[in-house]
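So the sequence lines, in the order shown, correspond to chains P and X.
Note that the first sequence ends on residue 236 in the numbering used here; no numbers are left out.
Note that the second sequence ends on residue 414 in the numbering used here; no numbers are left out.
Here a beta-carbon is modelled for each residue, glycine too, at the ideal position from N, C-alpha and C.
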Amino acid sequence: MEQVLRTHKITKYFYDPEKFQVLKEIDLAVNRGEFLSLVGKSGCGKSTLMYVLSTMDTDYEGELEISGERLTGKTQNELAKFRNEHIGFVFQFHYLLPEFTAIQNVMIPALKLAKYNYKEVEDRAYEKLKMLGMQDFALKRSNKLSGGQQQRVAIARGIINDPDIIMGDEPTGNLDSYNSQLVFDIFRELTHTYRQTIIAVTHDVEFARNSDRVVEMSDGKIVSSSSTQLAKPALT
Amino acid sequence: MKLALSIAKTHLLSKPKQTLVAMLGVTFGIGMFIAMVGLMTGLNNFTEELTMTSSPDIHIYNDITKERPTLLEQVNPSGMNVVLHQKPKKETPKLRNALQITEVIRKDPRVLGAAPTLGSQVFYNYGPIQLNGTISGVDILEENKLFDLRSKMKSGRIEDLKASTDGIIMGTGLARKLHVKTGDRVVITTPEGYTMTLKIVGTFQMGIGTVDNIRSYANISTVQIILQQDQSYITDINVKLNDLHQAKVIAPEFQAISGYRAEDWETANSTFLTGVIIRNILTYSVSITLLVVAGFGIYNILNMTIYNKMKDIAILKAMGFSGKDVKQIFMIQSLVIGFIGSLAGLVIGYFLSYAISKAPFNGGDFISLDHFPVNFDPKYYIIGIVFGVATTAVAGYMPSRKASKLDPIEILRG
């Protein structure tokens, strides 16, 4: 099984208000196409770990490798470029740019990457929106969309560059149960049909239980890592 | 770059009122700058032109007031001599070999023309009243070459002077005070007491009170007679150069050639030039103040925008925008505000200048002027826009840098 993300003894301290070890020698490997939930009590370090894994937080010890590329020690600019190409984000509070239309929001990371020309990017963005059932809202200003709709647009934006990993920080945390289910189903489809890798921090027990693998953290350590019974039904 | 541009555009257009206010700040700054510079430099140029038309680039004369070595120093050169209240020697202001000097100077390729003249204080008698004035003996055709007298004649022709032995061309201000007109006769008295009746063959107006109110022109020979001097009596040589800004360099050369004092126009008009400098300082300091105020406005508004857009900046950074890209987005915004604001400022400045140039203004006796002179030199419009854009760039840089340094995790974690 191909590993898309690997960490070696990741350790991190918070210094404010006093020195505190928030991550303790985390070793984690994630396979391609895996739908992984990161769970644990508040303050256990799961969000902190996710931001380290997403390359946005560079203040840690240990090593991080994504898609065979060692990312520890790279500059902020190099990491920004790497994120643009290899990592997609879905946040709790959607975080679309409010002045732009849905499709413009989806297009921004792809325009930044500049792998395709404008027309191709537009087509791809439309395709992704269609995949998420949002094609009818493509030309609507994003601040005119509902929460669930915004989150779906955000997912489309997260996958526009066909990233290696999608990072989710409480992706369903701000949604009602209907939209939560919708988002979950999309994630499920992305991993199983499109072999997309997803790492999601979540408090949602239902969400976690239905993902492929649950990694539970406590006091900065991984205490359990188990595949759920639903894992890879297509492969088993 | 293109993407940053389109994001910047969207930001600006989504808050049109705020953008407009920021632009207006720059517009007012630049508009006032253009209007003020136009008026100030217009006035400067106008007075400079007047001064230049009535004064020579280089004036050669015998400086009889200059210090001379005392007799005591000649007798006792090694001692420490103090002579208080040295009396001037009886010396005429005559330039020896004036005509030869003039010939030599005329041959210099940098010289446009040189005219020997002689001048004297005279009293113009008007009934029992005596008006103080001067009379210049000139070769009127040569003088015309230097100062373009022909275009300044209000009545009569300069050739009329050449043809008459007792004619004068009088300043309009002086003629008005004496209540005389062309064709009238006027009696003059020299400081030595010589009296003569002269005929006015024309009047001229230079536009400056200090000339028009006191000066008359006559032929060299006429003035030589008035002063009871011989035919070689010349007191001044006026020189016009092809490039008047070389006067300061050329004057010392002529001083060496002639052996007499050669004064360039900058030295002669130093008070006037000081005025120019002070006006320029005023103009620029007021304009810079206005622009700094506008700059603070932009700084404030961008700061506010960035504060409101912290989430957006964080998400852009998460999606792979580097600090530089983010900085670019906000710099573009401030530069667009600066550029459009300055452009509008130039237009407003132009209309203000135009309005000022049409405003009636009475220069009185001192300067003949009925409207404000305004300078529309494109140079100042270029300075204006460069100034405006530069100010906004500086004002926008600090908030933009702050945005580029923003740590996305802090915001995304909430």
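Would you list the residues sitting across from residue i in a DSSP beta bridge?
{"i": "D16 (chain P)", "result": "According to DSSP, which records beta bridges pairwise, D16 (chain P) is partnered with nothing at all."}
{"i": "N31 (chain P)", "result": "P:Q3"}
{"i": "N179 (chain P)", "result": "Paired residues: none, contrary to the question."}
{"i": "F123 (chain X)", "result": "X:N132, X:T189"}
{"i": "N238 (chain X)", "result": "X:H59, X:A115"}
{"i": "V205 (chain P)", "result": "Note: V205 (chain P) sits in no beta bridge, so no partner."}
{"i": "K199 (chain X)", "result": "X:G167, X:R185"}
{"i": "E263 (chain X)", "result": "X:H59"}
{"i": "I199 (chain P)", "result": "P:L36, P:M167"}
{"i": "E216 (chain P)", "result": "P:V39, P:S224"}
{"i": "F204 (chain X)", "result": "X:M153, X:G171"}
{"i": "V138 (chain X)", "result": "X:N219"}
{"i": "T11 (chain P)", "result": "P:E61"}
{"i": "R141 (chain P)", "result": "P:T101"}
Can you list, in chain order, the residues of its chain whose CB lies under 6 Å from that of residue i, leaving out five sequence neighbours each side?
{"i": "L64 (chain P)", "result": "T7, L71, T72"}
{"i": "D63 (chain X)", "result": "R261"}
{"i": "A294 (chain X)", "result": "G25, V26, G29"}
{"i": "F339 (chain X)", "result": "V389"}
{"i": "S225 (chain P)", "result": "V215"}
{"i": "M153 (chain X)", "result": "G202, F204"}
{"i": "V187 (chain X)", "result": "N125, T197"}
{"i": "D204 (chain P)", "result": "T172"}
{"i": "G168 (chain P)", "result": "V90, A200"}
{"i": "A344 (chain X)", "result": "T27"}
Starting from residue i, follow the alpha helix (DSSP H) in both directions and report where the run begins and ends.
{"i": "I411 (chain X)", "result": "408-412"}
{"i": "L13 (chain X)", "result": "2-14"}
{"i": "N401 (chain X)", "result": "Inspection of the sequence shows that residue 401 (chain X) is occupied by Arg rather than by Asn. That run of the alpha helix (DSSP H) goes 378-405."}
{"i": "N441 (chain X)", "result": "Because residue 441 (chain X) is not part of the residues shown, which for chain X are 1 to 414, the question remains open."}
{"i": "Y217 (chain X)", "result": "Element bounds for Y217 (chain X): not the alpha helix (DSSP H) but the beta strand (DSSP E), 215-219."}
{"i": "Q74 (chain X)", "result": "71-75"}
{"i": "S258 (chain X)", "result": "247-258"}
{"i": "Y350 (chain X)", "result": "323-358"}
{"i": "K94 (chain X)", "result": "Note, K94 (chain X): premise wrong, no alpha helix (DSSP H); not H, not E."}
{"i": "D212 (chain X)", "result": "209-212"}
{"i": "T48 (chain P)", "result": "46-53"}
{"i": "I64 (chain X)", "result": "Unbroken run through I64 (chain X): none, as it is neither H nor E."}
{"i": "V121 (chain P)", "result": "118-131"}
{"i": "A156 (chain P)", "result": "147-159"}
Using a Cβ-Cβ cut-off of 7 Å (strictly less than) and excluding sequence neighbours within five positions of residue i, which residues of its own chain qualify?
{"i": "S54 (chain X)", "result": "F147, M206, I208, V211"}
{"i": "Q86 (chain X)", "result": "T70"}
{"i": "P233 (chain P)", "result": "Low local confidence applies: a pLDDT of 45 at P233 (chain P) is under 50, so the model's placement there is unreliable, and no value is given."}
{"i": "S164 (chain X)", "result": "K199, V201"}
{"i": "T236 (chain P)", "result": "Confidence at T236 (chain P) is low in this model, with a pLDDT of 35, below 50, so its placement is unreliable and the value that follows should be read with caution. Contacts found: none."}
{"i": "P17 (chain P)", "result": "none"}
{"i": "T160 (chain X)", "result": "The residue asked about is misnamed: residue 160 (chain X) is Asp in this sequence, not Thr. Cβ neighbours of D160 (chain X) beyond the five flanking positions: G167, V201, G202."}
{"i": "S357 (chain X)", "result": "H371, F372, V374"}
Between which two residues does the beta strand (DSSP E) containing residue i stretch?
{"i": "D169 (chain P)", "result": "165-169"}
{"i": "R185 (chain X)", "result": "185-189"}
{"i": "L64 (chain P)", "result": "61-66"}
{"i": "E99 (chain P)", "result": "Counting along the chain, E99 (chain P) falls outside any beta strand (DSSP E), and DSSP gives it neither H nor E."}
{"i": "V223 (chain P)", "result": "221-227"}
{"i": "V90 (chain P)", "result": "87-90"}
{"i": "S155 (chain X)", "result": "153-155"}
Tell me which residues share the same chain as residue i and place their Cβ nearer than 8 Å to its Cβ, disregarding the 5 neighbours each side in the sequence.
{"i": "S155 (chain X)", "result": "K181, T182, G202, T203"}
{"i": "D184 (chain X)", "result": "K199, I200"}
{"i": "L273 (chain X)", "result": "E266"}
{"i": "F254 (chain X)", "result": "I58, I60, I105, V239, A262"}
{"i": "R110 (chain X)", "result": "L241, N242, D243, Q246, I250"}
{"i": "M217 (chain P)", "result": "L38, V39, G40, C44, G45, K46, L49, V223"}
{"i": "S177 (chain P)", "result": "none"}
{"i": "V223 (chain X)", "result": "L118, G119, S120, I135, S136, G137"}
{"i": "V21 (chain X)", "result": "G297, I301"}
{"i": "S287 (chain X)", "result": "G29, M32, F33, M36, V37, F387"}
{"i": "Q76 (chain P)", "result": "T58"}
On the premise that residue j lies in contact with residue i, defined as a C-beta separation below 8 Å, what is that separation, rounded to the nearest angstrom?
{"i": "I298 (chain X)", "j": "A403 (chain X)", "result": "I298 (chain X) to A403 (chain X), Cβ: 14 Å. No contact."}
{"i": "R152 (chain P)", "j": "L132 (chain P)", "result": "5 Å"}
Chain A partners of residue i, CB-CB under 7 Å?
{"i": "Y95 (chain P)", "result": "Here chain A cannot be found, since the structure's protein chains are P and X."}
Contacting positions in the stretch 37-56 of chain P - beta carbon closer than 8 Å to chain X: S47, Y51, S54, M56
Residues, ordered as in the chain, of the stretch 311-338 of chain X that lie near chain P by beta-carbon distance below 9 Å: Residues of the stretch 311-338 of chain X whose Cβ lies closer than 9 Å to any Cβ of chain P, in chain order: K311, D312, A314, I315, L316, K317, A318, M319, G320, F321, S322, G323, K324, D325.
May I ask you to list, following chain order, the residues of the stretch 378-411 of chain X that have a beta carbon less than 8 Å from some beta carbon of chain P? P408, I409
Could you please tell me which residues of the stretch 65-81 of chain P, in chain order, have their CB closer than 8 Å to any CB of chain X? Q76, N77, A80, K81
Short of 7 Å Cβ to Cβ, which residues in the stretch 10-30 of chain X face chain P? T10, H11, S14
Please list, in chain order, the residues of the stretch 150-184 of chain P that have any C-beta partner in chain X closer than 8 Å. R157, D169
When Cβ atoms are compared, which residues of the stretch 263-292 of chain X fall closer than 9 Å to chain P? none
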